[in-house]
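Enquirer:
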Amino acid sequence: MMKQTRNIKRGVLLVLLIATAVFVVVACKGGGDGTLRVGQKAIDFELRDLDGTMHRLSDYRGRRIHLHFWADWCPLCHKEFEDMGNVYKELKKKYPDFEILGVNVDQPTVHVEEFIKKHQVEFPILLDVGSKVARAYGLKGIPCNFLVGRDGKIKDVLLGWVNEEYMKESLRKLE
Numbered sequence: 002m003m004k005q006t007r008n009i010k011r012g013v014l015l016v017l018l019i020a021t022a023v024f025v026v027v028a029c030k031g032g033g034d035g036t037l038r039v040g041q042k043a044i045d046f047e048l049r050d051l052d053g054t055m056h057r058l059s060d061y062r063g064r065r066i067h068l069h070f071w072a073d074w075c076p077l078c079h080k081e082f083e084d085m086g087n088v089y090k091e092l093k094k095k096y097p098d099f100e101i102l103g104v105n106v107d108q109p110t111v112h113v114e115e116f117i118k119k120h121q122v123e124f125p126i127l128l129d130v131g132s133k134v135a136r137a138y139g140l141k142g143i144p145c146n147f148l149v150g151r152d153g154k155i156k157d158v159l160l161g162w163v164n165e166e167y168m169k170e171s172l173r174k175l176e
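Take any residue in the sequence shown, note its place counting from 1, add 1, and you have its number in the working numbering.
1. Looking at the structure shown, is GLU100 part of a helix, part of a strand, or coil, going by DSSP?
2. Helix, strand or coil, according to DSSP, for VAL122 in the structure here?
3. Is DSSP giving ASN164 helix, strand or coil here?
4. For ILE126, collect the residues of the same chain with a Cβ closer than 7 Å to its Cβ; drop the 5 residues on either side in sequence, then sort them by chain order.
5. With the cut-off set at 8 Å, would you say VAL39 and MET168 are in Cβ contact?
6. Just the Cα atoms here: how many angstroms apart are ARG65 and SER171?
7. With 8 Å set as the bound, which would you pick, yes or no: does the beta-carbon of ASN146 sit closer than that to a beta-carbon of chain D?
8. Is the Cβ-Cβ distance between SER59 and ASP45 less than 8 Å?
Written out as structure tokens, the structure reads:
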């Protein structure tokens, strides 16, 4: 009887995990709700970095871009930043036209600065005050990543936490 109860609990947990995974995929990939999809032109934006310098996505036209939407309260974002830092160092040497733009979604600057210092981030961190860019891209959750090709079109949408190997494999789509 105890074994049966344990199996039922495991089954319920498995169903909840699968439902959560499906929700993340649907939320980030989107449908008719305005979420950007593979093949669509990436929406241009203007965001400031921590030094106050303005960055426009169009300034990076002709380059391979990984847009990473994140927040410091997201546990998956902490792990992803470790992997992303490794990928950035490796691929930046191999592909000088590659860039990661970390887009922090609506957090106080002091939180962002602490996070960046802790993770020793080397790529640009942009501040999406008011979540305007996140809304324009149709985000329903984070972390969410958009790979933008040299032509300015979205080549892939990476859902939830992605590890280093998956990132590298996905970035090959930008070649």
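Cβ atoms here follow ideal geometry from the backbone N, Cα and C, with glycine treated the same way. None of these values were measured; they are calculated from a predicted model.
Expert: Taking the coordinates as given:
1. strand
2. coil
3. coil
4. ASP50, LEU51, GLY103, ASN105, VAL113 and ILE117
5. no
6. 12 Å
7. Any reference to chain D falls outside this structure, which holds one protein chain only.
8. yes
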